[in-house]
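Participant: Below are the structure tokens for one structure; questions will follow.
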Amino acid sequence: MTATDQPTGPVGRGRHVYGSPDAPVTIVEFGDIECPYCRAAAPILRELVDTSDGTVRLVFRHFPLFEVHPHALTAALAVEAAGDRGAFWPMFDRLVTGRDGLGDAQLRAAADALGLDGGLVVGDAAQQFGDRVEEDYADGRALDVRATPTLFIDGGRYSGRMTLEALRAAVAEVLGAARRATGTGAER
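In terms of the working numbering, the sequence shown is residues 14 to 201.
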């Protein structure tokens with residue numbers, strides 16, 4: 014799959030890309046910032062992208078499990094507000110660790126620490142980004158996302174273990190299939 018041939022529709026749509034925009038493999042994560050499993054997956058996904066030599070990019074989509082995570086929605090709104098000011102990933106990184114908490118005071122403090130106006134990431138100011146979170150959530154529901162993190166690798170749902178080795182193997186499989194389909198590489 015080429016960069017111009019990336020997944021579209023509910024899987025591929027996304028504003029928040031980590032890695033090369035031209036990477037041949039796209040991993041879409043439907044995640045919840047308050048989710049402990051997403052917290053565990055975050056450094057693995059980052060390392061996968063960082064060590065992929067530009068072959069993998071990560072797209073984050075919000076899927077707040079607000080029934081079990083009371084701060085998931087406000088955290089999603091806060092990172093969207095930060096993203097509107099060019100700081101999605103720095104804010105995401107601060108919040109997904111969960112070490113400082115996700116209440117309004119902590120969200121403000123996280124934004125302030127990044128040089129943003131903390132008042133812009135909570136309350137009414139952050140509510141203007143609700144449509145973005147709602148769109149991600151609706152797309153996740155349409156794809157039968159039920160838990161977080163849920164990953165799609167080039168449009169196909171990933172169901173393996175959430176380890177660096179397993180994800181590298183899945184990416185290699187996707188790249189190999191793409192090479193075979195285009196008749197390039199050693200698989201000819």
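We treat Cβ as the ideally placed atom computed from N, Cα and C, and that holds for glycine.
Per DSSP, Leu164 forms a beta bridge with which residues?
Facilitator: Glu42 and Tyr171
Participant: With a floor of 4 residues, list each alpha helix (DSSP H) that falls wholly inside the region 106-152, ordered by position along the chain.
Facilitator: 117-126 and 136-140
Participant: Quick check on the DSSP output: the alpha helix (DSSP H) that includes Arg181 runs from which residue to which?
Facilitator: Leu177 to Thr195 is the extent of the alpha helix (DSSP H) around Arg181.
Participant: Buried or exposed for Asp152, please, with buried defined as at least 16 other CB atoms from any protein chain shown within 10 angstroms of its CB.
Facilitator: buried
Participant: Does the Cβ of Pro77 have 16 or more other Cβ atoms within 10 Å, making it buried, or fewer, making it exposed?
Facilitator: It is buried - the Cβ of Pro77 has at least 16 other Cβ atoms within 10 Å.
Participant: In this structure, how does DSSP classify Arg59 when only helix, strand and coil are distinguished?
Facilitator: Arg59 falls in the helix class under three-state DSSP.
Participant: List the DSSP bridge partners of Leu156.
Facilitator: Looking at the DSSP assignment, Leu156 forms no beta bridge with any residue, so it has no partner.
Participant: For Gln141, count the other beta carbons within 10 Å of its own beta carbon; 16 or more makes it buried, fewer makes it exposed. Which is it?
Facilitator: exposed
Participant: Consult DSSP for Glu80 and reduce its assignment to one of helix, strand or coil.
Facilitator: coil
Participant: Can you tell me the Cα-Cα spacing of His29 and Glu186, whole angstroms?
Facilitator: 25 Å
Participant: Let's see if you can read the secondary structure: which residues bound the beta strand (DSSP E) around Arg28?
Facilitator: Taken as a continuous stretch (DSSP letters only), Arg28 belongs to no beta strand (DSSP E), as it is neither H nor E.
Participant: Taking its Cβ as the centre, do 16 or more other Cβ atoms sit within 10 Å of Gly143, making it buried, or is it exposed?
Facilitator: Counting other Cβ atoms within 10 Å of its Cβ, Gly143 stays below 16 and is therefore classed as exposed.
Participant: I'd like to confirm something about Arg145: is its beta-carbon nearer than 7 Å to some heavy atom of the ligand FMN, or not?
Facilitator: The ligand FMN is absent from the structure shown, which contains no ligands of any kind.
Participant: Thinking C-beta only, is Ala95 closer than 8 Å to Val135?
Facilitator: no
Participant: Quick check on DSSP: helix, strand or coil for Arg70?
Facilitator: strand
Participant: Quick one: what's got a C-beta closer than 8 Å to Ala122's C-beta in the same chain, skipping five residues either side?
Facilitator: Asp113 and Gly131
Participant: For chain D, find out if any of its Cβ atoms is closer than 8 Å to the Cβ of Gly128; answer yes or no.
Facilitator: The displayed structure is made up of one protein chain only, and chain D is not part of it.
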